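Using the numbering used here, the letters of the sequence shown correspond one by one to residues 93 to 488.
Here is the structure we will look at, set down as structure tokens.
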Amino acid sequence: MSREGAEHELRARADERDRISGDLLDLESHTTYQLLKGGSLRGATARRWAAAQESLATVWRLNDAYRAVLRDAEQVRAARGRLGAEQLAALTELLAGPSVVLPAAAKPVEQRSLLPQADERLTLDQAVTRMDTAFQEVTAALNDIDAVWNALLPRLDAADADLRRVRELERELGEGAGLDTADTELRGLRATVLEDPLGAPVEPDLDRLARVLTGARAELDLAIAVRGEYARRREDLVAALDRVRAAESEARLAYGAVVVKIALPPQARPRSRIEELTGELDALDALPDPGTSEAAATPWVRRAQRLTALEEAVRTAAEQAQTTARAMYGLVGRRDELRGRLGACQVMAVRKGLAEDPAACELYERARLLLWSAPCDLTSAAAAVENYQRAIHGGK
93 MSREGAEHEL RARADERDRI SGDLLDLESH TTYQLLKGGS LRGATARRWA
143 AAQESLATVW RLNDAYRAVL RDAEQVRAAR GRLGAEQLAA LTELLAGPSV
193 VLPAAAKPVE QRSLLPQADE RLTLDQAVTR MDTAFQEVTA ALNDIDAVWN
243 ALLPRLDAAD ADLRRVRELE RELGEGAGLD TADTELRGLR ATVLEDPLGA
293 PVEPDLDRLA RVLTGARAEL DLAIAVRGEY ARRREDLVAA LDRVRAAESE
343 ARLAYGAVVV KIALPPQARP RSRIEELTGE LDALDALPDP GTSEAAATPW
393 VRRAQRLTAL EEAVRTAAEQ AQTTARAMYG LVGRRDELRG RLGACQVMAV
443 RKGLAEDPAA CELYERARLL LWSAPCDLTS AAAAVENYQR AIHGGK
């Protein structure tokens, strides 16, 4: 190694030493490292972290030996202002030769021999390569554990918040949501994630518990809202039932007016739901108040569910009755439309000189009889008009 080469190599190795030391200090100050160092681990995570700790210990041993070689090299260089041949040879041996001594690791007594154990000697490059390999094993373990924590701990915090809110709502309502084991289960999941993040996945259990908590919170929120609005919503429900009666009455009137004009199947007769819906409201009114001591008292959660379901059923019944009435009157409109088409086709037949054509006349007469009969068979009438129209257009 030349004098210039030795000087350059010594400076480069000093920079490398400082960088490695900085990386090791950054690693040990990493938040996840500190948590793992002071935490209680078990299972797969404990085994993985124990292996990582062994790798880190190897890095530190190699780093200490590496730094010792550089200290020796710096002392050799500082001994004289200009390197002599002897100093250059010593520097070359330290910087390029197998100068890093890694003492033989102590073994358990059952693995020992009475013969001396040889120390391992490495070049600086070999020492850095081995340090990097061990360092990567440690950071890989940190990254894997950190990934699980980053994914699951926020979800556990959200589940905790939902559970606290559920407990607050239960106290406000004076009713339980049937989540007696949720606190214990959530603590167990958190302990598993913290102590063994690399073990069996907890996502399925966490997903299920999160759904349960979200559903319970929604039910309790609904129950509290219903409790405060029950009187008003009941009045609105009575008014909505009146609208259902009116809509069903209109549907029956429409059916009565249309059935004499249009042939309808038996299933077209409107069916009333008002008696069923009124009976459900009566049953809701008959429920004992949750605040009473009656054994049959219905919780507000169940009362809220029944009220909300009844409100939706009433809205649906009103919409169905209104749709039925419109559909009935629409059938008469369809008949009138077909009559108009038949008249227009007859005018076209006159223009084409087919007014006296026997075949066309027969088709026209069939369509006319169907459309002006009562009740009118709309399906047959529509087909008859279509046949007549094709005839006067040359079968097109």
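For glycine and all other residues, C-beta sits at the position ideal for the given N, C-alpha and C.
Since this is a predicted model, take the numbers as computed values, not measurements.
Quick check on the burial criterion: 16 or more other C-beta atoms within 10 angstroms. Buried or exposed for residue i?
i, result
"Arg105", "buried"
"Ala396", "buried"
"Tyr480", "buried"
"Val362", "Per the sequence presented here, residue 362 reads as Pro, with Val not at that position. Pro362 is buried by the Cβ-count criterion."
"Arg103", "exposed"
"Ser465", "exposed"
"Thr276", "exposed"
"Leu461", "exposed"
"Val352", "exposed"
"Ala171", "exposed"
"Asp81", "Residue 81 falls outside the range modelled here, since the chain spans only 93 to 488, and no answer is possible."
"Ala98", "buried"
"Thr415", "exposed"
"Asp288", "buried"
"Thr284", "buried"
Between the Cα of residue i and those of the options, spot the shortest distance and give me the residue it belongs to.
i, options, result
"Ala144", "Leu234, Ala165, Gly130, Arg153", "Leu234"
"Arg134", "Ile237, Thr415, Ala452", "Ile237"
"Ala315", "Val393, Asp328, Tyr347", "Val393"
"Glu403", "Asp449, Val350, Asp328", "Asp328"
"His485", "Cys453, Met440, Glu457", "Met440"
"Asn242", "Thr123, Ala474, Ala346, Asp115", "Thr123"
"Gly280", "Arg256, Asp252, Glu260", "Asp252"
"Ser364", "Arg140, Arg213, Ala339", "Ala339"
"Thr215", "Pro296, Ala171, Arg426, Ala157", "Ala157"
"Ala132", "Glu367, Asp299, Leu286", "The question names Ala, but residue 132 in the sequence shown is Ser. Residue Leu286 is the option with its Cα nearest to Ser132."
"Pro358", "Leu399, Val220, Gly348", "Gly348"
"Ala417", "Ala360, Pro450, Leu255, Pro246", "Ala360"
"Asp217", "Asn155, Ala232, Gln126, Ala451", "Asn155"
"Arg95", "Val168, Arg153, Trp141, Leu116", "Val168"
"Arg335", "Ile366, Arg324, Ala346", "Ile366"
"Glu120", "Arg140, Arg139, Ala149, Glu101", "Ala149"
"Leu376", "Arg325, Leu356, Glu411, Arg337", "Arg325"
"Ile112", "Ala451, Thr184, Gly320, Arg222", "Arg222"
"Ala436", "Arg482, Arg398, Ala226", "Arg482"
In its own chain, which residues sit with a C-beta less than 7 Å from the C-beta of residue i, not counting the 5 before and 5 after it?
i, result
"Arg159", "Arg109"
"Val258", "Ala269, Leu271, Leu305, Ala308, Arg309, Leu312"
Measure the Cβ-Cβ separation of residue i and residue j and say whether it is below 8 Å.
i, j, result
"Leu434", "Ala459", "yes"
"Met420", "Val350", "yes"
"Arg431", "Leu455", "no"
"Leu186", "Val151", "no"
"Ala409", "Leu290", "no"
"Leu298", "Leu245", "no"
"Ala413", "Ala343", "yes"
"Leu278", "Leu301", "yes"
Report all residues from its chain with a CB closer than 8 Å to the CB of residue i; omit the five preceding and five following residues, and keep chain order.
i, result
"Ser385", "Residue placement at Ser385 cannot be trusted, given a pLDDT of 48 that sits under 50; the coordinates are not used to answer."
"Glu229", "Ala143, Ala144, Ser147"
"Arg213", "Pro190, Ser191, Val192, Val193, Leu194"
"Arg427", "Lys353, Ile354, Leu463, Cys468, Leu470, Ala473"
"Gln179", "Val168, Arg169, Ala171, Arg172"
Looking only at its chain, what residues have a beta carbon closer than 6 Å to the beta carbon of residue i, apart from the 5 residues adjacent to it on each side?
i, result
"Ala332", "Val406"
"Leu248", "Arg282"
"Val330", "none"
(message) Closer than 8 Å is the cut-off here; do at least three beta carbon pairs connect the region 430–449 with the region 356–375?
(response) No, the region 430–449 is not in contact with the region 356–375.
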